[in-house]
Amino acid sequence: MLLFFSSVTPVPQYLTLPSATKMAVEGNAQTSSEVKEPSPRTQKLHGVSKDPLNLHSLRVKKLSENAVLPSRASPLSAGYDLFSATAVTVPAQGKALFPTDLSIGIPEGTYARIAPQFGLDWKHSTDVGAGVIDADYRGPVGVILFNNPDEAFEVKAGDRIAQLILQKIVTPDVLEVDDLDFTIRAALCSLLRVKKLSKNAILPSRATHLSAGYDLSSGIAVTVPARGKALVPMDLSIGIPEGTYARIAPRSGLAWKHSIHVGAGVIDADYRGPLGVILLNFSDKAFEVKASDRIAQLILEKIVTPDVLEVDDLDLTIRSSLLRVMKLSENAVLPSRPSPLSAGYNLSSAAAVTVPARGEALVPTDLNIGIPEGTCGRIELPLDFAVKNIHVGDGPDRVINADHRGPVGIILSNHLDEAFEVKVGDRIAQLILLEIVTPDVLKVDDLDSTARGAGGFGSTGV
1 MLLFFSSVTP VPQYLTLPSA TKMAVEGNAQ TSSEVKEPSP RTQKLHGVSK
51 DPLNLHSLRV KKLSENAVLP SRASPLSAGY DLFSATAVTV PAQGKALFPT
101 DLSIGIPEGT YARIAPQFGL DWKHSTDVGA GVIDADYRGP VGVILFNNPD
151 EAFEVKAGDR IAQLILQKIV TPDVLEVDDL DFTIRAALCS LLRVKKLSKN
201 AILPSRATHL SAGYDLSSGI AVTVPARGKA LVPMDLSIGI PEGTYARIAP
251 RSGLAWKHSI HVGAGVIDAD YRGPLGVILL NFSDKAFEVK ASDRIAQLIL
301 EKIVTPDVLE VDDLDLTIRS SLLRVMKLSE NAVLPSRPSP LSAGYNLSSA
351 AAVTVPARGE ALVPTDLNIG IPEGTCGRIE LPLDFAVKNI HVGDGPDRVI
401 NADHRGPVGI ILSNHLDEAF EVKVGDRIAQ LILLEIVTPD VLKVDDLDST
451 ARGAGGFGST GV
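With full-length UniProt numbering as the guide, the letters of the sequence shown map in order to residues 1 to 462.
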């Protein structure tokens, strides 16, 4: 049987192989086109241009005089700084929505991730909630900040509050299969292969053809306790395309309405176990999840996994496509991937550190890292840490730029009532190298209209 599939679909589409062992399948699924990177500068355009080259720009519309255009700190910075348009107070152990008074249009084949601003978490123990902006979102952009300490946090108009990073993604069709590895050597391995583990399982789906994420739904009813966590099963197992990793991302509505965040969330291309989502409840009320509730998004982000090259000087090598690493002490451990299809490089502690109860600690790796241009390094948490209620803080090394040259340290946040001990050599985090684009910022008076513009802080709805 010969089946042809298109990767461009106006609505979520499912493809089913009812008996994987009884058919041979051929196909070719397209991936999103490359986005060319122009020189870094800010342009101004009056009205909406029909020039398709402008669709490769980061188009920005100011909604007030207080709005500040996004900007990058250096030519190799991964993120565009975002600024608050008004003064805002984040209450103690609460949250607040910061308006930027901007609306944006991003290149197709990408999504905009709202990432923490350097130093905010370490200095003030703040955390960014949600943070997924799709290519067809046209509403105002806002940033949700959670404040973990027992004192309020003040932000002035014009303060930098977050970064906007344009990450390359793929959005293949969903293929329901009985065996995830039957199609691994065929062209269909470029699809998102899904196996249902129960009758309650719901196939992932995208809201529109420009949505970055596939909605994930709970397979059962679960209660997330106040100030606690819960593992919510999807009753699915998945196989994702090589050259990607699946990121489990929060939904904006859950973050804003119920202070629900997602813990951990890295799925490698060779993972075949059941899919579950760790939900963190930052509120004083229990949160009820019903069977079939949409609770998170699955985003397929494009990655690179170069060889690790140990060097004495990060800038004295022309092999910039490699992950260049310099050891700063004898306790430093070179990053390594557990398997050829692992998305992340394991990072290990170079010192014994105690993370206090309900507190934070900076864990050194004693490594200096140089990453390839066109990528950014993202620090992610091992799943076993998230289950223990240990999380990676949104500190200065959560996002590593290509021109970063300082020692890499990991902020660990302990949500337990007892101290957490880290020994020398312990695996504490993963480093994932994400493909990004950094186009010009194009100031416009109007953006093309779409049906998606509600919510005021992102694309996933309230």
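In this text, a Cβ means the ideal position worked out from N, Cα and C, and glycines have one as well.
Burial is judged here by how many other beta carbons sit within 10 angstroms of a residue's own beta carbon; residue 448 has fewer than 16 and is exposed. Assigned with DSSP and collapsed to three states, residue 344 falls in coil, not helix or strand. A residue is called buried once 16 or more other Cβ atoms fall within 10 Å of its Cβ, and residue 272, having fewer, is exposed. Close CB contacts of residue 98 within its chain, under the 7 Å cut and outside five residues either way in sequence, are with 84, 88, 142, 143, 145, 155, 161 (chain order).
In this structure, residue 216 and residue 279 do not form a Cβ contact; the two beta carbons are roughly 11 Å apart against a cut-off of 8 Å. The beta-bridge partner set that DSSP reports for residue 180 is empty. Between residue 354 and residue 419, the C-beta gap is smaller than 7 Å, which places the two residues in contact. Distance from the CA of residue 338 to the CA of residue 305, rounded to the nearest whole angstrom, comes to 12 Å. According to the DSSP secondary-structure assignment, residue 80 is paired through a beta bridge with 164. Straight across, the Cα-Cα distance linking residue 288 with residue 223 is about 5 Å. By the Cβ rule, the segment 252 to 270 does not count as touching the segment 318 to 334, because fewer than three pairs are nearer than 8 Å.
Ranked by Cα distance from residue 292, the options 246, 198, 367 are led by 198.
Burial is judged here by how many other beta carbons sit within 10 angstroms of a residue's own beta carbon; residue 310 has fewer than 16 and is exposed. The residue from 429, 422, 410 with its alpha-carbon nearest to that of residue 346 is 429. Closest option to residue 165, judged by alpha-carbon separation, among 67, 398, 190: 398. When secondary structure is reduced to three states using DSSP, residue 377 falls in the strand class. Under the 10 Å beta carbon count, residue 225 is surrounded by fewer than 16 other beta carbons and is classified as exposed. Inclusion of residue 191 and residue 335 in the CB contact set at 7 Å is not warranted, their separation being larger than that value. When 115, 401, 243, 60 are compared, the shortest CA-CA separation from residue 163 is found for 115. Shown here, residue 253 sits in a helix according to DSSP, grouped into three states. In the DSSP assignment, residue 223 forms a beta bridge with 288. The closest CA to that of residue 229, considering only 443, 416, 426, is found on 416.
For the 7 Å CB-CB criterion, residue 246 and residue 219 do not form a contact. With respect to the 7 Å criterion, residue 362 and residue 400 are not classified as neighbours on the basis of their beta carbons. Here DSSP, grouped into helix, strand and coil, assigns residue 190 to helix. By the Cβ neighbour-count rule, residue 59 is buried, with 16 or more other Cβ atoms within 10 Å of its own. Per DSSP, residue 65 lies in no beta strand (DSSP E) and is assigned neither H nor E. The Cβ atoms of residue 148 and residue 94 do not sit closer than 7 Å to each other. The segment 397 to 428 is shown to contain whole beta strand (DSSP E) runs of 3 or more residues at 407 to 414, 420 to 422, in chain order. Distance from the CA atom of residue 375 to the CA atom of residue 169, rounded to whole angstroms, is 13 Å.
Judged by DSSP in its simplified three-state form, residue 209 adopts coil rather than helix or strand. Distances from the alpha-carbon of residue 358 to those of 211, 413, 196 put 413 closest. Its chain contains 223, 224, 225, 226 as the residues whose beta carbon lies nearer than 7 Å to that of residue 286, once the 5 sequence neighbours on both sides are disregarded; these appear in chain order. Setting aside the 5 residues that flank it on each side, residue 261 is surrounded in the same chain by 129, 250, 255, 280, 282, each with a C-beta closer than 7 Å to its C-beta; the list follows chain order. Listed in chain order, the non-local C-beta contacts of residue 231 below 6 Å within the same chain comprise 276, 278, local neighbours out to five positions each way being set aside.
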